[in-house]
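Structure first, then comments.
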Amino acid sequence: KQEVTQIPAALSVPEGENLVLNCSFTDSAIYNLQWFRQDPGKGLTSLLLIQSSQREQTSGRLNASLDKSSGRSTLYIAASQPGDSATYLCAVRGGSEKLVFGKGTKLTVNP
Amino acid sequence: DAGVIQSPRHEVTEMGQEVTLRCKPISGHDYLFWYRQTMMRGLELLIYFNNNVPIDDSGMPEDRFSAKMPNASFSTLKIQPSEPRDSAVYFCASSFYPGDGYGYTFGSGTRLTVV
Chain A
228 KQEVTQIPAA LSVPEGENLV LNCSFTDSAI YNLQWFRQDP GKGLTSLLLI QSSQREQTSG
288 RLNASLDKSS GRSTLYIAAS QPGDSATYLC AVRGGSEKLV FGKGTKLTVN P
Chain B
48 DAGVIQSPRH EVTEMGQEVT LRCKPISGHD YLFWYRQTMM RGLELLIYFN NNVPIDDSGM
108 PEDRFSAKMP NASFSTLKIQ PSEPRDSAVY FCASSFYPGD GYGYTFGSGT RLTVV
């Protein structure tokens with residue numbers, strides 16, 4: 228059974244800092260890995276999707292990497308801003324088409 | 048495309064009442080998923096459909112929960128009778144068949160409160 232773990236559960240940083248969010252998964256047989264953002268009381272917004280054949284994806288200040296063999300992914304946020312404050316969720320899609328989520332990292336960027 | 052559309056956005060009901068949540072997936076998506084999110088358990092998959100057929104309902108917590116997909120553009124999740132522990136945010140998501148380049152698109156969710 229696939230399990231996804233995100234560390235840390237919460238992170239508070241000053242504005243402008245570069246930061247890394249971590250995600251690990253137990254079964255490396257995945258189709259893809261997706262990072263989502265969730266604002267309080269809101270739905271999930273897809274940020275980046277990394278296919279199983281890829282090593283990383285970039286979108287603006289965000290960069291996500293994938294190391295299937297070690298079961299790890301990181302989300303790098305450059306020059307963080309208060310508007311980046313949200314919960315970031317990592318999810319992996321395996322052979323059963325299910326998307327298995329981690330419990331998220333709650334990020335607070337302080338002005 | 049309007050994305051995945053869920054209704055209602057908020058639902059407050061009394062214990063014992065029937066609750067029906069609705070979802071319209073993105074046109075052309077073959078897969079539809081129902082998730083539940085709580086503080087304690089995070090996001091849990093309840094059931095998913097492929098081409099309108101339920102594939103895996105192992106996440107449905109009890110017989111009080113049922114889901115249907117009568118056509119490619121509509122799905123419902125029903126809880127009868129509802130209980131306070133069913134209070135959560137229920138999300139619907141849709142996706143193309145997995146080529147590994149396809150991700151999920153989520154709706155805005157239905158926040159259910161059972162009092």
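Chains as they are written, first to last, in my numbering: chain A, 228 to 338; chain B, 48 to 162.
Virtual Cβ for every residue (Gly too), placed ideally from N, Cα, C.
| field | Neighbour list for F328 of chain A in chain B, Cβ cutoff strictly below 7 Å | value | G89, L90
| query | Under a CB-based cut-off of 8 Å, is M103 of chain B close to chain A? | reply | Checking the sequence shown, residue 103 of chain B turns out to be Asp, not Met. Judged by the 8 Å Cβ criterion, D103 of chain B is in contact with chain A.
| request: Spatial neighbours of P55 of chain B within its chain, please: CB distance less than 7 Å, with the 5 preceding and 5 following residues excluded, ordered by chain position. | output: T157
| field | A237 of chain A to T332 of chain A span [Cα, whole Å] | value | 5 Å
| CB-CB under 8 Å to G50 of chain B, same chain, minus the five flanking residues each way: which ones, in chain order? | I73, T152, G154
| said: Can you look up P128 of chain B in the DSSP assignment and give me helix, strand or coil? | reply: coil
| said: If contacts are defined as beta-carbon pairs under 8 Å, then G321 of chain A and A256 of chain A qualify, I think. What distance do you get, rounded to the angstrom? | reply: 6 Å
| query | Are V162 of chain B and V66 of chain B touching if we call contact CB-CB under 8 Å? | reply | no
| request: Give the straight-line distance between the Cα atoms of R83 of chain B and E130 of chain B, rounded to the nearest whole angstrom. | output: 15 Å
| field | Extent of the continuous beta strand (DSSP E) run through G89 of chain B | value | 89-97
| field | DSSP beta-bridge partners of R73 of chain B | value | A small fix is needed here, since residue 73 of chain B is Ile in this sequence, not Arg. The partner list for I73 of chain B (beta bridge, DSSP) is empty, contrary to what the question assumes.
| For F121 of chain B, which residues of its own chain have a beta-carbon under 8 Å away from its beta-carbon, when the five flanking residues on both sides are left out? | R69, C70, K71
| Closer than 7 Å, Cβ to any Cβ of chain B: which residues of the segment 255-267 of chain A, in chain order? | Y258, N259, Q261
| task | Look up R101 of chain B in the DSSP assignment and say whether it is helix, strand or coil. | result | In the sequence as presented, Arg is not what sits at residue 101 of chain B; that position holds Pro. Three-state DSSP puts P101 of chain B in a strand.
| message | Using CA atoms only, rank isn't needed, just tell me which of A:G310, A:Y303, A:T285 is closest to N337 of chain A. | response | A:G310
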